[in-house]
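Q: Here it is: the structure, laid out below.
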Amino acid sequence: MSKRRILIVEDEADIRRFIRLALEREGMTVFEAGSAEQGRIDAASRQPQLVIVDLGLPDGDGKTLIRELRNWSTAPILVLSAREHEQEKVDAFDAGADDYLVKPFGVPELLARVRAQLRRASIVTTEGANPSVMTFGAIRVDLATYEITRAGIPVHLTPIEFRLLAALIRGHGKVITHRQLLLDVWGPGYIDRPHYVRVYMANLRQKLEDDPARPQHLITELQVGYRLAGLNRET
Amino acid sequence: MMSEGRPNPDRLLEALTDETKQQGRGRLKIFFGACAGVGKTYAMLQAAHQQHEEGVAVSIGLVETHGRDETHRLLDGLPQLPTRSVQYHAHSQREFDLDGALVAQPSLILVDDLAHTNATGSRHGKRWQDVEELLSAGIDVYTTLNVQQLESLNDVVGRIIGVRVQETVPDQFFDRANDVVLVDLPPDELLERLKLGKIYLAAAAQQASSNFFRKGNLVALRELSLRRLADRVDMDVRAYRIHHAIRDVWPTRERLLVCVRAEMSHERLIREGARLAQSLQADWVVVHVDELRRSRSTAEREALLKLAKLAENLGAEFANIPGEGVSDMLLDYARARNATKLVLGHRRNHWNIPWRKRLADHIASANPDLGLILLHLSHAETPPEKTHAAEQPGVKVSSLVLSILACGLTTVVAALLLRVFDLSNVVMLFLLTVVLVALRWGKAAGALAALVSVASFDFFFVPPVLSFAVSDTQYLFTFVLMLVVALVTGQLAARLRAEAVSATAGERRATALARVARDLSAAIATEQIMAVCEEMIAPLFASRGALMLPDIADRISGEAADFADTSVAQWAYEHVQPAGLGTSTLTAASAQYLPLKAPMRTRGVLALRPERGALTTDPDDRRLLDACCALIALALERVHFVEVAHDTLLRIEGERLRNALLGAVSHDLKTPLTAIRGLAETLETTGARSMHEHVEIARAIGHQAEELHRLVTNLLDLARMQSNGVRLYRQWHHLGEILGSALAGMGSTLGSRRILTELSADLPLVELDATLFERVLVNLLDNAAKYTPPQATIWVRAIASANTMYLYVEDDGSGLPTDVDVDSLFEPFTRGAKESPIAGVGLGLALCRSIVTAHGGTIRAMQRPPQGARFEICLLLGAPPEIESEDLL
């Protein structure tokens, strides 16, 4: 496959450098932009397959950039954010970002997330319609027949639990915010009841994870949302 | 009392406060004249033109030309502010537009006729109040005034010219003016002008000249105005002397006591008192002795109120002292207040009752040192007061009927007793009846009962029975004595009752005030003060009350009161004067708005809407109201300062912590930084070094960076929690989720240690700030990892019981340090061993406690048997929101 093209929009030169070095070592082509303005131009001209955006850009709001990109691109967007600004992260996801990294982050984390997002993207692009059978870990889900098995043994889910799982699967490993899940699974009337999502996620973890306290797939992003990691299409 | 040459500090302070008040205030120039037609308006307009030529922004507010051509011509060339037109009895009047003037904000404004009464519907009752507001807004004002329109001279002028002008201006206002220009015209010239028709239009001129413009009048008026102006100059000179402590003979401190009765004729006493006080440079007090045995009619009460108001307008204190015995009360009061002179009114007594000494004689003989000034009061000054029988309080027809019935009853009883007892005991029985009747129904009923008793006694019991004739003349003596005794005891009983009623009323007020004071002193929040106002104070005055407080922008907010008008309240608040119903400003309002003035500043406005009719005007009740307002203001101020003190304490605590932080931080931050820098520089130098070494060094740099990160995060969190309090973003969370998130990020720290989690599946949701609580778990786990060997086990357990959640983080390492008190581990910068090789400032546990406490929970550390440490967190479980249940697929 051709080299993956990644665009980094980050104003701190040293951070750009180590990201570039790490990604280039993985065999990707990396473009750098030092400001939101530059990022806009580069995104349009270089057509990257993944964009890394820092939320704290000096000349603009990271959110705005993300929204603009989403207008014409479906490339996955990874945001870099500081720890305290949960609301910032939630806004970024609502604007269309897919995953995030909290500063300071390490190289292994970075690589893991980039790879996950690229794989996710490939799942979507190589298929026209959504695949109906997905697997993650020992779990196998058939979206068409509503059959779920865990290491071969069938698992019984309530309708809402299934809808929740399906929403996560549709997200393909993206971070989905509470708000989006509530809208998707329950409807607009439940938008201010995040405890619903939490309770149902706990149920899902109980039923599907080996160690509910240390989930491998149904990952919690505290105060932001949830993510389904390790998703694969059944071949 | 005063050392020579040094100015009295009180006076200096007064002068200083006056001066500071002057800054920001407009300057008032009054064109003062003896009477109409001397040319005040003309002079005012001339002066205005001069100012206009010098470039000052002059506006004409309202100028009366009275159809005089010369004056009218001077109006040209000066911009005129539009006047308001007010409908008054089928024709419209032009009135000065105060709001328009305040908006236009000229530098100088001309307002004619200072004593004018505004039409109803205007903001203030009088034009001088309008001018006062203009001056407060910083606008300079020119105005005109006649000498007879001064309050203190009103009656004097009235007596001279035989006509009393109704519209007056208080003397204080006049004395506070910055400049007074006397517009003087000799009387002959004035009469000349009148004849030439330059003053009034010809038709009215004749009438004017015969009534008012008599030469004698004009001369007297001119002299009065000159003298009044000289007084003003004298005051200025005196003030100058005081301010600069010029050596002089200071007048001995006089204090005047003006003694009045509740009659309008005593008004003269007060005005004379004002003039005397001014010429003696003395303080003066107007005193009224409230004799309890005299019930006061409505007219008397109104007269008393008017006198009180006049006294206050003229700058005196008004005291209403209850008690019996006018001369004794006056002497006591004079002694208490250190009065030097007494001003009394006296009338020529038509009936010279020989044994009744005059009040003046009493006082003179009791205290010869007290100076007495006697002023003659003539009856002709005031129209005789018509007292209607119905107005006399206490004389109810029903009580008279009842007293007659009582006597009848006694007669019957006596008739029955006559078989057993002697006739003399019947007299006693009647006497008893009279006393009881007087005690119950008052003086008049008692007197009637006395008469009826005697008659009944005569008719039914004295032989010959059933006739008013008397057989034995000694019974006449009995009758007379009986009547006298009955009347005397009856009156005494009634007086006793009146005193008791008055005392009860006084006690009621005192108790109410004490209760209000006690409740307000216990209040620590504004809501409590509001509650006290509405529930306790307002009912005292038969009104609905509401407390209106200013917001950040200093605007009164009316959300507490539905009946209150915020604009009137805003005016009262800004001008620190009562407004609304029963005052002279904005009288059309439905409630009275009283500003709450505390020593530092005005704290708000109390709005009172009377249940029916008007708010009480009884002076004692008004005094109670004033006392309540002062108490409320003080309470508000106290609550405000309690908050300020609390905030200050918090800030001081934060400062202290910050300082400690800075000290510890510099050391613990520099350590990893030194390591990173050193290691990086090592990498920089090229030399024989294996790949393995390079990787080792790089790894070490990474590790140090992580340490630094952890330290900085903890520092930031702790500082944030201390400085602006803790703002928790609480939501209903699953503890397992937070734990999972914490564990997910700690892989490298925990290394090869075993982590066992025991969280029951049906653990209820807890209301937590997830990010902060994650930090608690991270810190506890980090602690466990730091102080245990690499093969240790760490448990995380959570149990919910009743309404508490217990969370345990324990390990089987070496346990808590034994030489340090367990509780002190949670203090910032405390660690087990002082300078231990283990990195970390000792903030982790302090942060944990801070966060857990902010959630309303507790955290403890204890030993875990057989070995290891255990940290226990208790959190109160609330009531998690309901989740709708559903069935399985």
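Protein chains in written order, with our numbering: chain A, 2 to 236; chain B, 1002 to 1890.
Glycine residues also receive a C-beta, built at the ideal position from the N, C-alpha and C atoms.
Apply the 10 Å Cβ neighbour rule to B/Thr1144 and answer buried if 16 or more other Cβ atoms are within range, or exposed otherwise.
A: So B/Thr1144 ends up on the buried side.
Q: Does the separation of the CB atoms of B/Asp1172 and B/Leu1315 fall below 8 Å?
A: Yes; because the gap between Cβ atoms is below 8 Å, this pair is in contact.
Q: From B/Ala1320 to B/Val1286, what does the alpha carbon distance come to, in whole angstroms?
A: Each residue's alpha carbon lies about 7 Å from the other.
Q: Evaluate B/Met1003 with the Cβ neighbour count: other Cβ atoms within 10 Å of its Cβ, from every protein chain shown; 16 or more gives buried, anything less gives exposed.
A: In this prediction, B/Met1003 has a pLDDT of 43, which is less than 50 and means its spatial position is unreliable; nothing more can be read from the coordinates.
Q: Can you pull out the residues from the stretch 175 to 200 of chain A whose beta carbon lies closer than 8 Å to at least one beta carbon of chain B?
A: Answer set for the stretch 175 to 200 of chain A: Arg194, Pro195, His196, Tyr197, Arg199 and Val200.
Q: Against chain B, with Cβ distances strictly below 8 Å, would A/Ala167 count as a contact?
A: Taking Cβ atoms only, chain B never reaches closer than 8 Å to A/Ala167, which makes this a no.
Q: Does the beta carbon of B/Trp1572 come closer than 8 Å to any beta carbon on chain A?
A: Cβ-Cβ to chain A under 8 Å: no for B/Trp1572.
Q: Given a limit of 8 Å on CB to CB distance, which residues of the stretch 1762 to 1780 of chain B reach chain A?
A: Those would be Ala1762, Leu1766, Ala1771, Thr1772 and Glu1775, in chain order.
Q: Could you give the DSSP three-state label for B/Ile1179: helix, strand or coil?
A: The displayed chain sequence assigns Asn, not Ile, to residue 1179 of chain B. Three-state result, B/Asn1179: coil.
Q: Between the Cα of B/Gln1732 and the Cα atoms of A/Trp187, A/Glu11, A/His179 and A/Tyr147, which residue gives the shortest distance?
A: Closest by alpha carbon: A/His179.
Q: What residues from the stretch 199 to 218 of chain A come within 8 Å of chain B, judged by C-beta to C-beta, listed N to C?
A: Here the close residues are Arg199, Val200, Met202, Ala203, Arg206, Gln207, Asp212, Pro213, Ala214, Arg215 and Pro216.
Q: For A/Val52 versus A/Leu81, is the C-beta spacing smaller than 8 Å?
A: Not in contact: A/Val52 and A/Leu81 (Cβ atoms no closer than 8 Å).
Q: Give the DSSP bridge partners of B/Thr1758, in chain order.
A: Note: B/Thr1758 sits in a beta bridge opposite B/Val1797.
Q: State yes or no: is the beta carbon of B/Ser1851 nearer than 8 Å to at least one beta carbon in chain A?
A: No, its Cβ sits nowhere closer than 8 Å to a Cβ of chain A.
Q: So, is the C-beta of A/Thr221 closer than 8 Å to a C-beta in chain B?
A: By this cut-off, A/Thr221 is an interface position.
Q: In chain order, which continuous runs of the alpha helix (DSSP H) of length 4 or greater are located wholly inside the stretch 1680 to 1727 of chain B?
A: For the stretch 1680 to 1727 of chain B, whole alpha helix (DSSP H) runs of length 4 or above, ordered along the chain, are 1692 to 1724.
Q: Please go through the same chain and pick out, in chain order, the residues whose beta-carbon is closer than 8 Å to the beta-carbon of B/Asp1552, but skip the five residues on each side of it.
A: Contacts found: Ser1558.
Q: Using beta carbons (cut-off 8 Å, strictly below), is B/Trp1733 in contact with chain A?
A: It does; some Cβ of chain A falls within 8 Å.
Q: Quick one: grab the DSSP three-state call for A/Phe106.
A: Note: A/Phe106 maps to coil in three-state DSSP.
Q: For the candidate residues B/Ala1565, B/Phe1175 and B/Gln1529, whose alpha-carbon lies nearest to that of B/Gly1546?
A: Considering only alpha carbons, the answer is B/Ala1565.
Q: Using DSSP bridges, identify the partner residues of B/Asp1891.
A: Since the displayed chain B opens at 1002 and closes at 1890, residue 1891 of chain B lies outside it and no answer follows.
Q: Could you check what DSSP says for A/Lys175 in three-state terms: helix, strand or coil?
A: In the structure shown, A/Lys175 sits in coil (DSSP, three-state: anything other than H, G, I, E or B).
Q: Tell me whether the stretch 1616 to 1633 of chain B and the stretch 1525 to 1541 of chain B touch, counting them as touching only if at least three CB pairs, one residue from each stretch, are closer than 8 Å.
A: The answer is yes - the stretch 1525 to 1541 of chain B touches the stretch 1616 to 1633 of chain B, with three or more Cβ pairs under 8 Å.
Q: Going by DSSP in three states, B/Ala1138 sits in which element: helix, strand or coil?
A: The answer is coil: DSSP assigns B/Ala1138 none of H, G, I, E or B.
Q: Can you find a C-beta in chain A that's less than 8 Å from the C-beta of B/Thr1794?
A: Output row for B/Thr1794: interface = no.
Q: To the nearest angstrom, report how far apart B/Ile1756 and A/Met202 are at their CA atoms.
A: Straight-line Cα distance between these residues: approximately 22 Å.
Q: If we count the other Cβ atoms within 10 Å of its Cβ and call it buried at 16 or more, is A/Val10 buried or exposed?
A: Buried, because 16 or more other Cβ atoms sit within 10 Å of the Cβ of A/Val10.
Q: Where does B/Leu1115 fall in DSSP's three states?
A: It is coil, neither helix nor strand.
Q: In three-state terms, what does DSSP make of A/Ile7?
A: Three-state result, A/Ile7: strand.
Q: Taking only the alpha-carbon atoms, compute the straight-line gap between B/Val1696 and A/Glu33 and give it to the nearest angstrom.
A: Their backbone Cα atoms lie some 27 Å apart in a straight line.
Q: Would you list the residues sitting across from B/Ile1374 in a DSSP beta bridge?
A: Looking at the DSSP assignment, B/Ile1374 forms a beta bridge with B/Val1344.
Q: Would you call A/Pro49 buried or exposed, if buried means 16 or more other Cβ atoms sit within 10 Å of its Cβ?
A: When all chains shown are included, A/Pro49 counts as buried.
Q: Which same chain residues, not among the five before or five after A/Ile20, have their C-beta less than 6 Å away from its C-beta?
A: Excluding residues within five positions, the ones whose Cβ falls inside 6 Å are Ile9.
Q: From the beta carbon of A/Glu25, is the nearest beta carbon of chain B less than 8 Å away?
A: No, A/Glu25 lies away from the interface with chain B (no Cβ there is under 8 Å from its Cβ).
Q: So, are the CB atoms of B/Leu1808 and B/Ala1862 less than 8 Å apart?
A: In this structure, B/Ala1862 does not lie closer than 8 Å to B/Leu1808 by Cβ.
Q: Just by C-beta distance, which residues in the stretch 1739 to 1753 of chain B are closer than 8 Å to chain A?
A: Cβ contacts with chain A: Ile1739, Leu1740, Gly1741, Ser1742, Leu1744 and Ala1745.
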